[in-house]
Amino acid sequence: MRLLKSRLKITAVIVLFFLFPVYAFAAEKKTETPKNPEEIKKELADEETKLQSLSKKRSGLEGEIKNITTLLRKKEKELAKYKTEYVKLTSMNRELSDNLQKEESNVRELKDYISNRVKFVYMRGKDYPLKVIYNSKGYLNFVNNVMTVKIISSRELKDFNRVNEQVMSLNKLQNSLTLSLAKTKEVYDKETALGKELADKKREKNKLITMLRSQEYLSGKKIAGLKKQVSELGTLVQEVDMRSEENVQATANDSKVNELFPDNRKLLGWPVKGELPAKRIISGGNSPALRGIMISVSKGDVVQSIFGGKISFAGPFKEYGNLVIVDHGDGYYSVYGFNGNIFVKEGQNIFTGKILGKINLDTGGSGKLYFEINHRGEPQNPIEWLHP
Numbered sequence: 054m055r056l057l058k059s060r061l062k063i064t065a066v067i068v069l070f071f072l073f074p075v076y077a078f079a080a081e082k083k084t085e086t087p088k089n090p091e092e093i094k095k096e097l098a099d100e101e102t103k104l105q106s107l108s109k110k111r112s113g114l115e116g117e118i119k120n121i122t123t124l125l126r127k128k129e130k131e132l133a134k135y136k137t138e139y140v141k142l143t144s145m146n147r148e149l150s151d152n153l154q155k156e157e158s159n160v161r162e163l164k165d166y167i168s169n170r171v172k173f174v175y176m177r178g179k180d181y182p183l184k185v186i187y188n189s190k191g192y193l194n195f196v197n198n199v200m201t202v203k204i205i206s207s208r209e210l211k212d213f214n215r216v217n218e219q220v221m222s223l224n225k226l227q228n229s230l231t232l233s234l235a236k237t238k239e240v241y242d243k244e245t246a247l248g249k250e251l252a253d254k255k256r257e258k259n260k261l262i263t264m265l266r267s268q269e270y271l272s273g274k275k276i277a278g279l280k281k282q283v284s285e286l287g288t289l290v291q292e293v294d295m296r297s298e299e300n301v302q303a304t305a306n307d308s309k310v311n312e313l314f315p316d317n318r319k320l321l322g323w324p325v326k327g328e329l330p331a332k333r334i335i336s337g338g339n340s341p342a343l344r345g346i347m348i349s350v351s352k353g354d355v356v357q358s359i360f361g362g363k364i365s366f367a368g369p370f371k372e373y374g375n376l377v378i379v380d381h382g383d384g385y386y387s388v389y390g391f392n393g394n395i396f397v398k399e400g401q402n403i404f405t406g407k408i409l410g411k412i413n414l415d416t417g418g419s420g421k422l423y424f425e426i427n428h429r430g431e432p433q434n435p436i437e438w439l440h441p
């Protein structure tokens with residue numbers, strides 16, 4: 054028996070799925086299917102967790118940036134020191150190069166001077182140097198001539214050696230200075246590259262922080278909106294609970310509902326309360342094109358069951374937004390389609406006048422409810438069942 058009932062329910066939902074007119078809301082502006090309170094609370098919890106994660110990431114990045122900033126300041130001091138040393142060594146090297154060029158010039162001049170002096174001694178009377186040897190009168194005369202050349206050029210030779218040693222010393226000093234300069238430049242270049250790398254890293258992390266702050270702002274804004282929804286839903290549910298018993302009694306008294314659904318033609322209450330609800334029908338009625346009717350609603354309207362029964366379906370459904378189907382027994386179903394919040398769930402037993410949900414209004418301040426009465430898959434004219 055239970056299996057048969059279950060199959061009948063599934064069949065009813067499938068029939069509704071395929072036979073409901075898709076054009077009922079085709080001309081209406083489609084809106085996002087509203088979430089139920091539990092979905093909103095879950096989304097709120099997830100968003101708060103996300104916000105905490107974003108804040109944690111941002112705090113971590115801010116700590117890294119603080120360390121990088123400290124390291125950058127240290128590198129800047131080191132770079133200033135290396136730069137000062139490099140400038141000093143460069144100046145010394147330039148000065149040394151100038152002195153070296155002068156000394157090398159002195160060496161060349163001294164070489165020329167000594168060469169000319171020696172040449173003059175060896176070439177007395179324009180004689181060639183070998184003639185000094187050949188013209189010497191014996192060994193003693195030869196030695197005497199050589200000694201004469203040596204004595205004459207000894208002072209110049211001493212000056213030459215002194216200048217030459219000075220040049221060699223300057224060359225050695227310049228080589229040492231050039232090596233120090235190269236090492237200092239190498240260290241300076243490395244420190245500069247490291248500083249640039251740190252600055253780039255800091256810049257990238259600052260970009261990430263800016264992005265995280267933007268995400269935190271959006272997340273916080275979303276959380277505020279979700280909290281507002283939760284608060285509004287909580288208030289609304291309290292109001293609905295307070296009004297439920299009153300609605301049951303009022304519906305029973307006004308409509309004089311009988312125990313069995315088929316015995317209630319022209320006796321059932323309207324799915325929305327309000328003044329002259331029949332005049333708010335904007336489509337349907339006797340029109341063969343629609344299976345049900347579209348009822349215009351205003352701010353504060355809630356959807357309520359026209360008769361007691363069991364919720365066979367409650368949730369989003371195609372063009373209808375959220376859909377609630379109530380099984381009233383004997384193959385009779387009432388169908389409510391609207392954009393708004395649902396306050397019942399599938400399988401729940403309900404009474405006459407039970408608040409099924411609240412309809413959201415569009416930007417123009419109006420809303421619509423699709424309402425249908427169905428018997429074993431065949432649509433009934435709702436006007437023939439609702440009391441005038």
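Following the working numbering, the numbering of the sequence shown begins with 54 at its first residue and continues without gaps.
Positions of the beta carbon are idealized from the N, C-alpha and C atoms, including for glycine.
Determine the direct distance from the alpha carbon of Asn427 to that of Leu313, and round the result to whole angstroms.
As a working note, residue 313 is residue 260 in the sequence shown. As a working note, residue 427 is residue 374 in the sequence shown. Roughly 15 angstroms between the two C-alpha positions.
Is there contact between the segment 361-380 and the segment 319-326, where contact requires at least three CB pairs shorter than 8 angstroms?
The segment 361-380 vs the segment 319-326: no contact.
From Leu261 to Asn402, what does the alpha carbon distance come to, in whole angstroms?
Here residue 261 is taken as the residue at index 208 of the sequence shown, counted from 1. Here residue 402 is taken as the residue at index 349 of the sequence shown, counted from 1. C-alpha separation (whole angstroms): 53 angstroms.
Own chain residues within Cβ distance below 6 angstroms of Leu439, not counting five before or after
As a position in the sequence shown, residue 439 is number 386, starting the count at 1. Excluding sequence neighbours, Leu439 sits near Leu321, Trp323.
Closest by C-alpha distance to Thr416, when choosing among Leu265, Ser106, Lys352, Glu431
In the sequence shown, residue 416 corresponds to position 363, counting from 1. Ranking the options by Cα distance to Thr416, first place goes to Lys352.
Can you tell me whether Gly418 is buried or exposed? The criterion is at least 16 other CB atoms within 10 Å of its CB, across all chains shown.
For the purposes of this step, residue 418 is identified with residue 365 of the sequence shown, where counting begins at 1. So Gly418 counts as exposed.
In chain order, which continuous runs of the beta strand (DSSP E) of length 3 or greater are located wholly inside the segment 373-397?
Runs of the beta strand (DSSP E) lying entirely within the segment 373-397 and spanning at least 3 residues, in chain order: 375-382, 385-391, 393-395.
For Gln357, the three-state DSSP class (helix, strand or coil):
Along the sequence shown, read from residue 1 onward, the residue named residue 357 stands at position 304. In this structure, Gln357 counts as strand in the three-state DSSP scheme.
Can you name, in chain order, every residue of its own chain whose Cβ lies under 6 angstroms from the Cβ of Tyr241, other than the five neighbours on each side?
In the sequence shown, the residue the question calls residue 241 occupies position 188. Here the set comprises Tyr135, Tyr139.
Mapping DSSP to helix, strand and coil, what is Lys371?
As a working note, residue 371 is residue 318 in the sequence shown. In this structure, Lys371 counts as helix in the three-state DSSP scheme.
The beta strand (DSSP E) spanning Lys421 covers which residue range?
As a first step, residue 421 must be located in the sequence shown, where it is residue number 368. Counting along the chain, the beta strand (DSSP E) containing Lys421 begins and ends at 420-428.
Can you tell me the Cβ-Cβ gap for Gly393 and Gly368, rounded? I've got them flagged as a contact below 8 angstroms.
Translated into positions along the sequence shown, residue 393 becomes position 340. Translated into positions along the sequence shown, residue 368 becomes position 315. Rounded to the nearest angstrom, the Cβ distance from Gly393 to Gly368 is 13 angstroms, too far for a contact under 8 angstroms.
Could you tell me the distance, in whole angstroms, from the CA atom of Ile378 to the CA atom of Asp316?
Counting from one through the sequence shown, the residue named residue 378 turns up at place 325. Counting from one through the sequence shown, the residue named residue 316 turns up at place 263. Between Ile378 and Asp316, the C-alpha separation is close to 20 angstroms.
N-terminal and C-terminal residue of the beta strand (DSSP E) that Lys411 is part of:
Numbered from its first residue, the sequence shown carries residue 411 at position 358. Start and end: 408-412.
Look at Ile346 and Ile436 and say whether their C-beta atoms are less than 9 angstroms apart.
Position 293 of the sequence shown, counted from the start, is the residue given in the question as residue 346. Position 383 of the sequence shown, counted from the start, is the residue given in the question as residue 436. Closer than 9 angstroms, so yes.
Neighbour-count burial assignment, Glu425, 16 or more Cβ in a 10 Å radius
Reading the sequence shown from its first residue, position 372 is the one you call residue 425. Buried, since its Cβ has 16 or more Cβ neighbours within 10 Å.
Indicate the three-state DSSP secondary structure (helix, strand or coil) for Lys128 in the structure shown.
Within the sequence shown, the letter at position 75 stands for residue 128. Three-state result, Lys128: helix.
Can you name, in chain order, every residue of its own chain whose Cβ lies under 8 angstroms from the Cβ of Leu251, other than the five neighbours on each side?
Along the sequence shown, read from residue 1 onward, the residue named residue 251 stands at position 198. Excluding residues within five positions, the ones whose Cβ falls inside 8 angstroms are Ile121, Leu124, Leu125, Lys128.
Measuring straight from C-alpha to C-alpha, what distance separates Lys421 and Glu101?
Within the sequence shown, the letter at position 368 stands for residue 421. Within the sequence shown, the letter at position 48 stands for residue 101. Between Lys421 and Glu101, the alpha-carbon positions lie close to 34 angstroms from each other.
Do Leu226 and Leu149 have their CB atoms nearer than 9 angstroms?
One-based indexing of the sequence shown puts residue 226 at position 173. One-based indexing of the sequence shown puts residue 149 at position 96. Result yes, Cβ atoms of Leu226 and Leu149 sit closer than 9 angstroms.
Does Glu250 come out as helix, strand or coil in the three-state DSSP assignment?
Indexing the sequence shown from 1 puts residue 250 at position 197. In the displayed model, Glu250 falls within a helix according to three-state DSSP.
Excluding the five sequence neighbours on either side, which residues of its own chain have a C-beta within less than 8 angstroms of the C-beta of Lys238, listed in chain order?
Working through the sequence shown from its first residue, we reach residue 238 at position 185. Once the five neighbours on either side are set aside, the close Cβ partners of Lys238 are Tyr139.
I'd like to check one pair, Phe396 with Tyr423: are the Cβ atoms closer than 9 angstroms?
As a first step, residue 423 must be located in the sequence shown, where it is residue number 370. As a first step, residue 396 must be located in the sequence shown, where it is residue number 343. Inclusion of Tyr423 and Phe396 in the CB contact set at 9 angstroms is not warranted, their separation being larger than that value.
Between Leu132 and the rest of its own chain, which residues show a CB-CB distance below 6 angstroms, the 5 nearest in sequence each way excluded?
Within the sequence shown, residue 132 is the residue found at index 79, counting from 1. These residues qualify, in order along the chain: Glu244.
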